[in-house]
Amino acid sequence: MEVFDVIVIGAGSTGEVAAGRVAAAGLSTVIVENELAGGECSYWACMPSKALLRPVDLAGEVGRVTGLRLDASVGGGPVDAAAVLARRDAVVSHYDDAGQVRWLDSAGVTLVRGAGRLAGPRRVEVTTADGGTRTLVANHAVMVATGSRPVIPPVAGLAAAEPWTNREATGVRAVPDRLVVIGGGVVACEMAQAMRGLGAREVTMLVRGGGLLTRLEPFAGEMVARSLKDQGCDIRTHEIVEKVERPEPGGEVTVRLASGGTVTGDEILVATGRRSATGDIGLASVGLPESGPIEVDESMRATGVADGWLYAIGDVNGLALLTHMGKYQARVAADVVAARARGEADDRPGMRDRADRAGAPQVVFTDPQVCAVGRTEAQARAEGFDVRVVEYDMEQVAGGYLLGDGYRGRAKAVVDERRRVLLGVTFAAPGAAELLHAATIAVTSGVTLDDLWHAVPAYPTVSEVWLRLLEAYGL
Numbered sequence: 369m370e371v372f373d374v375i376v377i378g379a380g381s382t383g384e385v386a387a388g389r390v391a392a393a394g395l396s397t398v399i400v401e402n403e404l405a406g407g408e409c410s411y412w413a414c415m416p417s418k419a420l421l422r423p424v425d426l427a428g429e430v431g432r433v434t435g436l437r438l439d440a441s442v443g444g445g446p447v448d449a450a451a452v453l454a455r456r457d458a459v460v461s462h463y464d465d466a467g468q469v470r471w472l473d474s475a476g477v478t479l480v481r482g483a484g485r486l487a488g489p490r491r492v493e494v495t496t497a498d499g500g501t502r503t504l505v506a507n508h509a510v511m512v513a514t515g516s517r518p519v520i521p522p523v524a525g526l527a528a529a530e531p532w533t534n535r536e537a538t539g540v541r542a543v544p545d546r547l548v549v550i551g552g553g554v555v556a557c558e559m560a561q562a563m564r565g566l567g568a569r570e571v572t573m574l575v576r577g578g579g580l581l582t583r584l585e586p587f588a589g590e591m592v593a594r595s596l597k598d599q600g601c602d603i604r605t606h607e608i609v610e611k612v613e614r615p616e617p618g619g620e621v622t623v624r625l626a627s628g629g630t631v632t633g634d635e636i637l638v639a640t641g642r643r644s645a646t647g648d649i650g651l652a653s654v655g656l657p658e659s660g661p662i663e664v665d666e667s668m669r670a671t672g673v674a675d676g677w678l679y680a681i682g683d684v685n686g687l688a689l690l691t692h693m694g695k696y697q698a699r700v701a702a703d704v705v706a707a708r709a710r711g712e713a714d715d716r717p718g719m720r721d722r723a724d725r726a727g728a729p730q731v732v733f734t735d736p737q738v739c740a741v742g743r744t745e746a747q748a749r750a751e752g753f754d755v756r757v758v759e760y761d762m763e764q765v766a767g768g769y770l771l772g773d774g775y776r777g778r779a780k781a782v783v784d785e786r787r788r789v790l791l792g793v794t795f796a797a798p799g800a801a802e803l804l805h806a807a808t809i810a811v812t813s814g815v816t817l818d819d820l821w822h823a824v825p826a827y828p829t830v831s832e833v834w835l836r837l838l839e840a841y842g843l
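The numbers in the numbering used here rise by one with no breaks, and the one at position 213 of the sequence shown is 581.
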């Protein structure tokens, strides 16, 4: 039996931040990981996907600027797919976590390789790669950061057809000639655009609902759909996949639709959402349901567990399946754990989650980029706010016009009329992601419109859209 002050289960980005922060507070800390230290974001999601998308995004940007010419001599198009995949490999450190392990060691965190499971209060059993077992006991806290897993719908033949998830898509070794994508969310849109831009001849998106990115403002999904179609993607809405057939491993995939049609491809990507990875971590041993997200309070403590020793951070609690929000929750929880270990009060403002409740910031790295924070108009109205909405076409801003011919964008602000503060902001435009943090500050801090009026945007930048939104409101 090995005793530490804090045990962290899961060494993805969320778990690493938590472990490093509690270790920096002087607590002995161990982190348990069954795969690569660094987790999903570093190797199979955020980092490699953006490495694949950046050249495609840049090609679109260059194509809008008069006086610049794309070199189409390489691989029949402006993007050298082999070079992009090589850079992706460098971004993910060739799937070697030695650098992450060195960082954990430098932070004073002990890494244990293996699958960790709760085995009662403050107790974790680790099954190591050689089949052995190590028992870890925490003096103060166990922090669960096991992330999430992709959902494979129960469609006949789908699981047997060896479908891609985000892991296979971001780790692609050879771009398929024909790709079928099931889904219309962030992963579906980003990977459809990446594969098409890297040379896939056919990309077909099968979307169960009526459009793309339906959790965001409707105009955002419409703009992304228009862009994908312009790039040659076939988007089919209101399509239900009935059966998938792949008679030979690595062979052609046939997708049969409830509408009666079929679609064929060389690979099929399933991007229909993710679920919290809780099914095999021993939650029943501490009286919690074995499936579904772990419910937490504003300090990230698991509800229903006596003495407040168990914390759930990141995707595993289901609040916001976003890397930056997991890291934020890790900082909140780590500070609470450290304060409680010192016998100090754990109710300071920084030890309470505000950002998730205000509405987590998020970015879709397509061209155009979509970014949003806070509530959509529909959410705000459903929650009973006195809502007023202002919108503005971003190509009418001087900074947007200067970015190139054919630049198109739209901004939308959702205002709480009673308090005169922003409830939510959405931008959809090339390069819009860099506008988001100003909106995040305004929404989470409750900055009034009257105060925003005095935050003067530089000219000529796209940020001047803030002034135009306030003018449209009537200031």
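Glycine residues also receive a C-beta, built at the ideal position from the N, C-alpha and C atoms.
Could you pull out every unbroken beta strand (DSSP E) segment of at least 3 residues lying fully inside the segment 598-644, listed in chain order?
-> DSSP runs (the beta strand (DSSP E)) wholly in the segment 598-644: 602-604, 609-613, 621-625, 630-633, 635-638 and 642-644.
Could you tell me whether the Cβ atoms of A497 and R481 are closer together than 8 Å?
-> A contact, by the Cβ cut-off of 8 Å.
Could you pull out every residue in the same chain whose Cβ sits closer than 8 Å to the Cβ of V757, ignoring the five residues on either side in sequence?
-> Excluding sequence neighbours, V757 sits near E745, K780, A781, V782 and V783.
Over the uninterrupted alpha helix (DSSP H) stretch that includes H822, give me the two end residues.
-> Note, H822: premise wrong, no alpha helix (DSSP H); not H, not E.
Comparing alpha-carbon positions, which option in A413, R432 and E712 lies nearest R642?
-> Of A413, R432 and E712, the residue nearest in Cα terms is A413.
Is DSSP giving P717 helix, strand or coil here?
-> In the three-state scheme derived from DSSP, where H, G and I count as helix and E and B as strand, P717 is classed as helix.
Inter-stretch contact (C-beta, 8 Å, three-pair minimum) for the segment 725-743 and the segment 783-802 = Verdict: yes, contact present.
For the segment 759-794, list the beta strand (DSSP E) runs that are entirely contained and at least 3 residues long, ordered along the chain.
-> For the segment 759-794, the full-length beta strand (DSSP E) segments reaching 3 residues or more read 778-784 along the chain.
Distance between L837 and L790 (C-alpha atoms, nearest Å) = Taking the straight line joining both Cα atoms gives about 11 Å.
Which residue from K418, R624, G774 and G711 puts its Cα closest to that of G525?
-> When only C-alpha atoms are compared, the closest one is R624.
Simplified DSSP state of E558, which is helix, strand or coil | DSSP places E558 in helix when its eight states are reduced to three.
Host alpha helix (DSSP H) of N534 (start-end) = Element bounds for N534: N534 to T538.
Could you check how far apart the C-beta atoms of G407 and G515 are, in whole angstroms? I think they sit under 8 Å.
-> G407 to G515, Cβ: 6 Å. Contact.
Taking the CB atoms as reference points, tell me whether G539 and A639 lie closer together than 8 Å.
-> For G539 and A639, no; Cβs fall outside 8 Å.
Mind listing, in chain order, the continuous beta strand (DSSP E) runs of no fewer than 3 residues lying wholly within the segment 675-749?
-> As summarised for the segment 675-749, the continuous beta strand (DSSP E) elements at least 3 residues long and confined to that stretch are 678-680, 730-732 and 737-742, given in chain order.
Express the C-alpha separation of A506 and V371 in angstroms, rounding to a whole number.
-> Rounded to the nearest whole angstrom, the CA to CA distance from V371 to A506 is 6 Å.
When the Cα of V673 is compared with those of S627, V654, V621 and S667, which residue comes out closest?
-> Selected option, being the one with the closest Cα: V654.
How many angstroms separate the CA atom of V398 from the CA atom of V374?
-> For the pair V398 and V374, the Cα-to-Cα distance works out to about 7 Å.
What are the partner residues of I475, as DSSP defines its beta bridges?
-> This sequence places Ala at residue 475; Ile is not what is there. Partner(s): none; A475 has no beta bridge.
Exposure of M559, with buried meaning 16 or more beta-carbon neighbours within 10 Å = Burial check for M559: the Cβ neighbour count within 10 Å reaches 16 or more, so the residue is buried.
Could you tell me whether the segment 572-582 touches the segment 655-664, where touching means 3 or more Cβ pairs closer than 8 Å?
-> By the Cβ rule, the segment 572-582 does not count as touching the segment 655-664, because fewer than three pairs are nearer than 8 Å.
So, using beta-carbon positions, are L395 and H508 closer together than 8 Å?
-> The beta carbons of L395 and H508 sit closer together than 8 Å.
Could you pull out every residue in the same chain whose Cβ sits closer than 8 Å to the Cβ of G577, ignoring the five residues on either side in sequence?
-> Once the five neighbours on either side are set aside, the close Cβ partners of G577 are G552, T605 and H606.
Between the CA atoms of T503 and P489 - distance to the nearest angstrom | Looking at the two C-alpha atoms, the distance is approximately 13 Å.
Nearest-angstrom Cα separation, counted from M762 out to V833 | Approximately 6 Å between the Cα atoms of the pair.
Would you kindly check if the distance between the Cβ of V447 and the Cβ of V433 is under 8 Å?
-> The answer is no: Cβ separation not under 8 Å.
Look at the alpha carbon of K597 and the alpha carbon of I603, and state the distance between them as a whole number of angstroms.
-> C-alpha of K597 to C-alpha of I603: approximately 7 Å in a straight line.
Counting pairs of Cβ atoms below 8 Å between the segment 699-709 and the segment 543-550, do you hit three or more?
-> No, the segment 699-709 is not in contact with the segment 543-550.
Span of the beta strand (DSSP E) holding I662?
-> Judged by DSSP secondary structure, I662 falls outside any beta strand (DSSP E); it is assigned neither H nor E.
Three-state secondary structure assigned by DSSP to D373 = In the three-state reduction of the DSSP assignment, D373 falls in the strand class.
Does the Cβ of R564 have 16 or more other Cβ atoms within 10 Å, making it buried, or fewer, making it exposed?
-> Its Cβ being crowded by 16 or more others within 10 Å, R564 is buried.
How about V612 and A487: do their beta carbons lie closer than 8 Å?
-> No, these two residues do not count as a Cβ contact at 8 Å.
What is the residue span of the beta strand (DSSP E) that A506 lies within?
-> For A506, the enclosing beta strand (DSSP E) begins and ends at T501 to V512.
With DSSP run on the structure shown, which of helix, strand or coil describes P522?
-> If DSSP states are grouped into helix, strand and coil, P522 belongs with coil.
Bridge partners - L547, DSSP secondary structure assignment = Bridge partners of L547: V571 and E635.
Beta-carbon separation of M415 and V460 under 8 Å?
-> Contact: yes.
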